[in-house]
Each structure stands twice: as C-alpha cells, then as structure tokens.
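If you count the sequence shown from 1, position 234 lands on 250 in my numbering, and the numbers rise without skipping. Where a beta carbon is used, it is the ideal one built from N, C-alpha and C, also for glycine. Read the structure below first, then the notes.
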Amino acid sequence: MTTLSASVSTRRLLVVEDDDSIRETVGEALRAEGFEVHTCADGASALTLITPGSSDPVDLIVLDLMLPGLGGLDLCRELRRLNNTTPILVISARDSETDRVLGLEVGADDYLVKPFGLRELVARCRALLRRSSQSETSPSQPHSFTHANLCLFPSECRVTRDGMDLTLSPKEYKILELFIQNPKRVWSRDQLLEKIWGVDFIGDTKTVDVHIRWLREKVEKEPSSPQLIRTVRGFGYRFG
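Here is the structure:
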C-alpha cells in the first residue's frame with residue numbers, strides 16, 4: 017500500500033467495515049495521515065463505542081453499509097435518532113443513485129463508492145472534518161425562529177409544527193434552518209447543494225429535489241400543493 021504523506025492535528029476516527037482487508041487498508045491509510053483510528057467489524061460494536069458522553073468522542077465515522085447484524089443504514093438512523101451529529105462517510109459497493117440518496121437521506125454526510133482511491137478517501141475525511149469544525153465555531157444564534165406554524169430551535173437542532181416535535185434527518189433540518197432564516201429568498205439547486213452538502217460534495221442536484229420532497233411531507237399540510245416551500249420553476253426553491 018502506498019503511504020500518503022500529510023500532517024493533520026490528531027482527530028479520532030472510527031472505521032466500521034466487516035471486510036478484514038478493507039478495514040485494515042483504510043485504517044492504515046488514515047493512521048499514515050496522522051489520525052487516531054479505531055476499527056470494528058459490525059454495527060452493534062460500533063454503537064457501543066459511540067455512546068453519549070464518551071470520554072473519547074469520535075470525530076468522524078467511516079461506515080460500510082453491508083454489515084452483519086445491525087446494518088450500516090440502521091446504525092446511521094439510530095445515531096441520528098439519538099441526536100448524534102458525528103460526521104459519517106459511507107463507503108459502499110452499492111453505486112446506484114437510489115442507494116446514494118438513501119444513504120444521505122438517513123443521515124450520512126458523504127457517500128464514497130467502492131472501489132475507491134485512498135487519496136480520495138483521505139480528502140473526503142478532511143473535508144467532512146473541516147465542515148464539522150466550522151459548524152462548531154459558528155456564531156451563536158437566536159433561541160428560536162418562527163414561521164407560520166413552524167418553530168425552529170437552533171441550539172437544540174429541534175423543530176416543532178403546531179407545538180409538536182418533528183423528526184427530521186440532519187440534512188432536512190439544515191435545509192429548513194436555512195429557509196426559515198432566509199424567508200422569501202430564492203435558492204438555486206446548486207446554491208442549496210453547496211450550502212447544505214458543501215463544496216466538496218460529489219453528486220448532482222437531484223439529491224436536493226429528493227430532500228425537498230421529503231421535507232415537504234413533514235412540514236406542509238398538503239405536500240402536493242406546498243404553501244411554505246415553493247418551487248421556482250427552472251431555478252430552485254423559495255420559502256414563504
């Protein structure tokens with residue numbers, strides 16, 4: 017295996033992969049870049065390592081989907097249900113658009129198809145860690161934002177509709193947060209892709225449309241005739 021050279025501050029990464037060869041290769045490549053890397057071969061073991069209040073929190077998870085027992089998608093869902101916002105990079109041999117969108121929909125932050133180059137893997141890990149660091153150091157926000165029957169609480173990453181909590185994926189929440197904080201502004205699909213997924217995301221604007229459809233189903237009274245998230249034909253979307 018070729019050693020990749022670069023210096024980074026020590027960050028703790030967890031690689032969850034049941035294939036011994038891939039797990040070892042990925043772990044070695046990331047350690048060569050200066051990361052502290054822990055590995056496990058199944059979802060249940062990973063879940064026990066990522067417990068709330070852990071003295072050794074994980075900064076990034078590299079997650080295979082095809083795992084024995086608790087699968088990668090289910091692990092991703094469970095982490096997001098527990099409000100765990102650790103960045104997740106999915107690595108999978110499933111390469112269809114449907115698979116990629118599903119992985120992102122359940123809470124993954126990026127999706128890398130096998131086989132992949134180690135340089136690309138490292139680059140994507142760094143990009144996710146940069147985004148995570150920027151989010152943690154962003155200025156404090158108002159306690160809440162209200163629009164119509166929706167109320168968003170940034171400090172809690174929580175949204176209510178008519179006083180009842182909504183269950184949103186991390187990406188759905190980020191889209192709604194952007195919309196509520198910028199009412200009436202028209203966003204192109206490319207702008208939303210860059211704002212929510214980041215400039216390093218490799219994909220197309222169909223991902224945006226899928227997430228908007230799912231979000232409408234949760235916040236609109238009549239998703240087929242949306243009154244909050246409106247389509248600006250040939251361009252993108254506007255909120256309010």
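Report the partner residues of M180 according to the DSSP bridge assignment.
Indexing the sequence shown from 1 puts residue 180 at position 164. M180 is bridged to R177.
Helix or strand or just coil, what does DSSP make of D225?
As a working mapping, residue 225 is identified with position 209 in the sequence shown. For D225, the three-state secondary structure derived from DSSP is helix.
May I have the straight-line CA-CA distance separating G87 from V78, to the nearest angstrom?
Counting from one through the sequence shown, the residue named residue 87 turns up at place 71. Counting from one through the sequence shown, the residue named residue 78 turns up at place 62. Rounded to whole angstroms, the separation of the alpha carbons of V78 and G87 is 13 Å.
How many Å lie between E94 and V31 at the Cα?
If you number the sequence shown from 1, residue 94 lands on position 78. If you number the sequence shown from 1, residue 31 lands on position 15. If you take the alpha carbons of E94 and V31, they lie about 17 Å apart.
Across which residues does DSSP place I107 in a beta bridge pair?
Counted from its first residue, the sequence shown places residue 107 at position 91. Here I107 is bridged, per DSSP, to D80 and L128.
Near D178, which residues of its chain fall below 8 Å by C-beta distance, leaving aside the five closest residues on each side in sequence?
The residue labelled residue 178 in the question sits at position 162 within the sequence shown. Within the same chain, D178 has close Cβ partners N165.
Simplified DSSP assignment, three categories, for G133
The residue you call residue 133 lines up with position 117 of the sequence shown. Of the three classes helix, strand and coil, the one that applies to G133 here is coil, per DSSP.
Beta strand (DSSP E) containing I196: first to last residue?
Locating residue 196 in the sequence shown gives position 180, counting from the first residue. Counting along the chain, I196 falls outside any beta strand (DSSP E), though it belongs to the alpha helix (DSSP H) covering P186 to Q197.
Mind checking which residues open and close the beta strand (DSSP E) that includes I245?
Along the sequence shown, read from residue 1 onward, the residue named residue 245 stands at position 229. Boundaries of the beta strand (DSSP E) harbouring I245: I245 to V248, taken from the DSSP string.
Assuming R205 is part of the beta strand (DSSP E), what are its boundary residues?
Here the question's residue 205 lines up with position 189 in the sequence shown. Annotation: R205 is outside any beta strand (DSSP E); the continuous alpha helix (DSSP H) that includes it extends over R205 to L208.
Going by DSSP, name the residue or residues bridged to G123.
Counting from 1 along the sequence shown, the entry for residue 123 is found at position 107. Paired residue(s): none; G123 is not in a bridge.
Whole-number beta carbon distance between K234 and L184, since they are thought to touch under 8 Å
Residue mapping note: residue 184 aligns to position 168 of the sequence shown, counting from 1. Residue mapping note: residue 234 aligns to position 218 of the sequence shown, counting from 1. Rounded, the Cβ-Cβ distance is 6 Å, consistent with contact.
Would DSSP call L231 helix, strand or coil?
By one-based count along the sequence shown, residue 231 stands at place 215. Three-state result, L231: helix.
Between P84, C173 and V74, which lies nearest to L105 when the distance is taken from Cα to Cα?
Position 89 of the sequence shown, counted from the first residue, corresponds to residue 105. That would be V74, whose Cα lies nearest to the Cα of L105.
Could you check whether the stretch 128-142 touches the stretch 225-239, counting it as contact only if at least three pairs of C-beta atoms, one from each stretch, sit closer than 8 Å?
They do not touch, by the three-pair rule.
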